[in-house]
Every structure is written in C-alpha cells, then in structure tokens.
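Have a look at the structure below, then the notes.
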Amino acid sequence: MQQNTGIKVGALCLELVSNRQIYIENYRKLIQYTDREIIVDAKDCRVNILGNSLFINYYSKYEMAVAGCISEVLFR
Amino acid sequence: MKKGYWLPDGCRIRLEAKDPLRFLSVASSMGVHFYDVGLRAAEADDACIVSVRRKDLRKLQEAAVKTAGRFTVEKESGILSFLRYFISRKAFFISLAAAGAALYLLTLFLWRIDISGCVNRKEAEILETIVSCHVDYGTLKSRCDCEKIEEAIRNQYDDILWVSASVKGTGLFVQIKENTYLNDKLALHEGTSDLVADRAGKVVGIVTRTGVPLVKEGDEVAEGDVLISGAEEYFTDDKEVLRTNLTYADGDILLESAENIEWHYERTMRVRKYGKRKRHGLKLSLFDHAIIDYQPKIRNSDFDVRSKAKVLVLGDAFYLPVDVESSLYQPYETVEYRLSDEALKTYAAIRYRMFCIKQEQQGMDIMEKNAKIRFDENGCTVSLSMVYRGPCGVSRPIAADPVPEEPTEGENG
Chain A
2 MQQNTGIKVG
12 ALCLELVSNR
22 QIYIENYRKL
32 IQYTDREIIV
42 DAKDCRVNIL
52 GNSLFINYYS
62 KYEMAVAGCI
72 SEVLFR
Chain B
529 MKKGYWLPDG
539 CRIRLEAKDP
549 LRFLSVASSM
559 GVHFYDVGLR
569 AAEADDACIV
579 SVRRKDLRKL
589 QEAAVKTAGR
599 FTVEKESGIL
609 SFLRYFISRK
619 AFFISLAAAG
629 AALYLLTLFL
639 WRIDISGCVN
649 RKEAEILETI
659 VSCHVDYGTL
669 KSRCDCEKIE
679 EAIRNQYDDI
689 LWVSASVKGT
699 GLFVQIKENT
709 YLNDKLALHE
719 GTSDLVADRA
729 GKVVGIVTRT
739 GVPLVKEGDE
749 VAEGDVLISG
759 AEEYFTDDKE
769 VLRTNLTYAD
779 GDILLESAEN
789 IEWHYERTMR
799 VRKYGKRKRH
809 GLKLSLFDHA
819 IIDYQPKIRN
829 SDFDVRSKAK
839 VLVLGDAFYL
849 PVDVESSLYQ
859 PYETVEYRLS
869 DEALKTYAAI
879 RYRMFCIKQE
889 QQGMDIMEKN
899 AKIRFDENGC
909 TVSLSMVYRG
919 PCGVSRPIAA
929 DPVPEEPTEG
939 ENG
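Read top to bottom, the protein sequences are chains A and B.
The opening residue of the first sequence carries number 2 in my numbering; numbering runs sequentially from there.
The opening residue of the second sequence carries number 529 in my numbering; numbering runs sequentially from there.
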C-alpha cells in the first residue's frame, strides 16, 4: 500500500554530499550569505545552512551549489 | 568541490547595490547564472564579487536598473576575451599569420625518414640507397618519389622480398621485408667451401645436402677436420680422377663432444655505487644543427650517461625539424666488496646456470655435466666437465690451386 508522503510539486530539494557540498533546488531567494551561515527561503520553509568557509559556487534561478565545511542544516 | 569555474567567455564583476542578495535574486530570475559568488567585499557591505558569462551582462544591466544597483567588470577571462584583447593589435595577427605560414612551409618538407623491418641489412645501407634517389632530411615532399625509392631498394638488394615507401605527414616511412632464409644460405654458399669441424668430438649424425661426406656416424673428429668436402671428384672406370668439381659443402652434422671448462671468480668484486646527486644535460637541435648543447661538468668522479632523444611531433606524423635530447649524468664510485664463500658460491651457481641456458639456446643438448667448486684465498674455481650434443660445422673456403705462371720471353731467350 502506497503511503502518502505529503511532498508537493516544487518542494525544496536538498542534496548533501558528505559535509562538504550541498545542492539546493526549487528555492525562492537567498536571504543571507556569510561564510558561516547561508539562509535560503523556499516555498514552504526556510533553510539555514551553518558551517565554516561557506561559499556559493554556482547560483541560478533554479539551483545553487554551496561548498564549505557544513555543520548543520536547519529547517524553520 | 573545486573552487573557480573556467568560463570560455567569462568575466569577474563587482556588484554594488543596497541589497546585493536581492540583486542576485532578481538577476537569477532573469536567467543569469552566477559562478563563484564571493562574499561581500571587505571594504563595503553593499558589494560582492561574482563571475558571469559575458552574454549575461545585458540581463544584468536590466537587473541593475530594477534594483537600483550597478556593476563593474573587474577582470575578463577565457579565450574569447583574450582574442578580444588582441583584436586591435596588428603585431599579434602578423605573428599569428607568420607562425601559420612557417608551419605550412615546414609541412612541405621531409623531416624524418623511418626505416623498419631490417634484420640483416643495416638501416644505414637502406638510407644510402634512399639518399641516392635524391631524397634526404629536408627534401621537398613533392620531390619524393616513393615508387622510385621502392624500385631502387629492390634493385640494389636481392634479398629484400618486399618494400613499401610512403609519405605520411612530414615523414617518409620505409618498410622492408628481408628474406632471412636466403641470406643465411648466401652467407654459407658464397664461393666454394668445405664444411669443417669447429670442435672435436664424435659424429652421431650426418645429413649431406651438397658435397662429399668424409666422415660417418661413430667417427671421431678433431677441430678443423673436414667433415663434408666441397671438392666432388669424378673417376674413370680405372679409378683415375677424371675431373674435380668445386662446390659448396652443405649438410647437418650432429657432434657429441666432451669438454672441460674452468672458471675462476675473484673474491673481491667491484661494484658501482651511484651518488644521490644527479645532473641533467640538454641538447636542442634545429634543422640538424645544435642550438643548445648543455652538458654539466662533473669533476673528480666517473659517471654514467643515459640519453633520451625525442623528435618534436605534432599529432601523429607532423614531425618538426626540432630534436630534443635530454641526458642524465649519474656520478658513481667504484667500491670493492669482499665476498664470503656462501656469496661466491651463489654467484658461481648463477653464472653456471646462465652458461647452461646459453648452451641450450644454441641448440646444444647437454647429456652429462659435473661441476666442482674449489675455494681459495683469492676466490673460487669452478671445474665443469660435460658431454653435449649439438650441431657442428663451419664453412671454410677451398684454397684455389695456384695457376702456373707462363714463362716470359726474357726467360726463354
């Protein structure tokens, strides 16, 4: 029996590679960008990426690639 | 993740706005892709450094108007910007055209002659024949007639079965196939000859192809004895020699020989001990003339030299008239070691095994072998007595009978 996961179309999509890299898709906008914290606003939540030496490698309308030493990913 | 994208038409820009992140969001929603988004510039909170493609600058301008910001191009990168930088410089295009023309000119000549397939013939011999066809290093390709080269090589050497010459790029490639079987026979059959024993022993097998066999199975022969004679004598019914026909003697003779060999190995062994410091030499030749020839000076020491030569080549066969030869100079000292009995025995055993392998490679079949080793103060002596079977016989030209001189008129009168 298929379980309803409640995932909507256009939901935020995160792909974490180790703690060194994170790909973010379907975000709305970048709210804060420092080398210790990046805050990204999505359709139904806000994501805080905490760490050290954070750096945006790639940024476009649909996706973003963040590199650095990621310590926490918080959803609010 | 790697930092820094290489963009073929990229430029590094400085964004300035009241809220740079809004600038980024607006521009990205317009389809601008940002790479290596730097943190806010140190001297100002309202600026950040990013990389974008040059084609996105127009969209970025629209975004700047919308967000009341501005941007300045700080640095351009990529091959397109490089060309854009040089587009107004005549010297660049002149040198580019000159380089292209020089390359084109170089493609018109032969800068390499490659000969392959030589077994008995030397490459230098074949090269001489090629040169006799007026084709050499630096000859115009249009003057290189491959068919003429092939014909000249075929005419010059009877033992070459097949020859192919082709021009590929700036190289002339000559492939030959020799008739090695015929070569062996020619070497054996030149003139008239006897087949003589190259060592003493007992004949255990004989097959005669041409000539008259003088020995039979079971005969003992000494070194230098004629086994097969090249002089074929024809007799009359009265057993008198009618005539003698000289030919080359040919056949297979199997000889069983006994041999006693003694080797002496010194206890002191000289070994080269290489130093850690290596020196390098370089030789650069252009059009077969040395332009740079650097060889390091090594004093008070012996050294080994290992050289590696390379011809500059573009692609597969576009050889350029530039040769680079790198040399490695390795100084060494000769150190004397005194071997123990055990080490000396191992060394002698290795040499003995190598000798046996060499004998077998020469077609010798070792029937019996008995080795003894004696140690003394200076080293060791290995005495080997062995019985072996193997092919025997070397050609020896038949000495022609001296032609009697005709008496001169003065002597007669």
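Note that beta-carbon positions come from the ideal geometry of N, C-alpha and C, so glycine has one too.
Are the C-beta atoms of residue i and some chain A residue less than 7 Å apart?
| i | result |
| --- | --- |
| phenylalanine 562 of chain B | yes |
| leucine 812 of chain B | no |
| valine 863 of chain B | no |
| alanine 570 of chain B | The pLDDT assigned to alanine 570 of chain B is 48, lower than 50, so where the model puts this residue is not dependable; a value taken from the coordinates is nonetheless given after this. Not closer than 7 Å to any Cβ of chain A, the Cβ of alanine 570 of chain B fails to qualify, so no. |
| serine 605 of chain B | no |
| serine 553 of chain B | yes |
| proline 536 of chain B | no |
| leucine 549 of chain B | yes |
So, with DSSP's three-state summary, where would you put residue i?
| i | result |
| --- | --- |
| aspartate 844 of chain B | coil |
| methionine 558 of chain B | coil |
| asparagine 773 of chain B | strand |
| glutamate 768 of chain B | coil |
| glutamine 890 of chain B | coil |
| tyrosine 916 of chain B | strand |
| valine 659 of chain B | helix |
| arginine 21 of chain A | coil |
| leucine 812 of chain B | strand |
| leucine 624 of chain B | helix |
| alanine 12 of chain A | coil |
| aspartate 547 of chain B | coil |
| glutamine 823 of chain B | coil |
| arginine 540 of chain B | strand |
| isoleucine 926 of chain B | coil |
| isoleucine 57 of chain A | strand |
| threonine 600 of chain B | strand |
| lysine 696 of chain B | strand |
| valine 593 of chain B | helix |
| isoleucine 615 of chain B | coil |
Rounding to the nearest angstrom, what Cα-Cα distance links residue i and residue j in this structure?
| i | j | result |
| --- | --- | --- |
| phenylalanine 991 of chain B | glutamate 760 of chain B | Outside the shown range of chain B, which is 529 to 941, sits residue 991 of chain B, and nothing can be said about it. |
| glutamate 38 of chain A | glutamine 589 of chain B | 29 Å |
| alanine 66 of chain A | leucine 552 of chain B | 14 Å |
| histidine 792 of chain B | threonine 862 of chain B | 21 Å |
| arginine 881 of chain B | alanine 899 of chain B | 11 Å |
| cysteine 884 of chain B | lysine 744 of chain B | 29 Å |
| valine 659 of chain B | lysine 705 of chain B | 20 Å |
| valine 735 of chain B | leucine 782 of chain B | 9 Å |
| leucine 31 of chain A | glycine 7 of chain A | 25 Å |
| glutamine 684 of chain B | arginine 924 of chain B | 28 Å |
| tryptophan 690 of chain B | aspartate 766 of chain B | 53 Å |
| valine 663 of chain B | cysteine 672 of chain B | 6 Å |
| threonine 635 of chain B | serine 605 of chain B | 33 Å |
| phenylalanine 56 of chain A | valine 841 of chain B | 44 Å |
| aspartate 564 of chain B | serine 54 of chain A | 13 Å |
| leucine 543 of chain B | alanine 43 of chain A | 24 Å |
| methionine 914 of chain B | isoleucine 894 of chain B | 7 Å |
| glycine 739 of chain B | aspartate 778 of chain B | 7 Å |
| cysteine 70 of chain A | phenylalanine 701 of chain B | 59 Å |
| threonine 796 of chain B | serine 868 of chain B | 9 Å |
| valine 839 of chain B | glutamate 853 of chain B | 9 Å |
| alanine 750 of chain B | serine 785 of chain B | 10 Å |
For a contact defined as C-beta to C-beta under 7 Å, what are the partners of residue i on chain B?
| i | result |
| --- | --- |
| aspartate 45 of chain A | Within 7 Å Cβ-Cβ: nothing; aspartate 45 of chain A doesn't reach chain B, min ~18 Å. |
Can you name the residues of chain B whose CB is closer than 9 Å to the CB of residue i?
| i | result |
| --- | --- |
| serine 61 of chain A | Ser556, Gly559, Val560, His561, Phe562 |
Should residue i go down as buried or exposed, given a rule of 16 or more other Cβ atoms within 10 Å for buried?
| i | result |
| --- | --- |
| asparagine 788 of chain B | exposed |
| tryptophan 639 of chain B | buried |
| phenylalanine 614 of chain B | exposed |
| threonine 600 of chain B | exposed |
| cysteine 908 of chain B | buried |
| glycine 921 of chain B | buried |
| glycine 746 of chain B | exposed |
| aspartate 584 of chain B | buried |
| isoleucine 820 of chain B | exposed |
Does any residue of chain B bring its CB to less than 7 Å from the CB of residue i?
| i | result |
| --- | --- |
| leucine 31 of chain A | yes |
| aspartate 42 of chain A | no |
Closer than 6 Å: is that where the CB of residue i sits relative to any heavy atom of the ligand COA?
| i | result |
| --- | --- |
| arginine 47 of chain A | For the ligand COA, the structure offers nothing, since it holds no ligand at all. |
Against chain E, does residue i count as a neighbour if the rule is that its beta carbon must be under 7 Å from one of theirs?
| i | result |
| --- | --- |
| lysine 811 of chain B | Looking at the structure shown, chain E is missing, and the protein chains on hand are A and B. |
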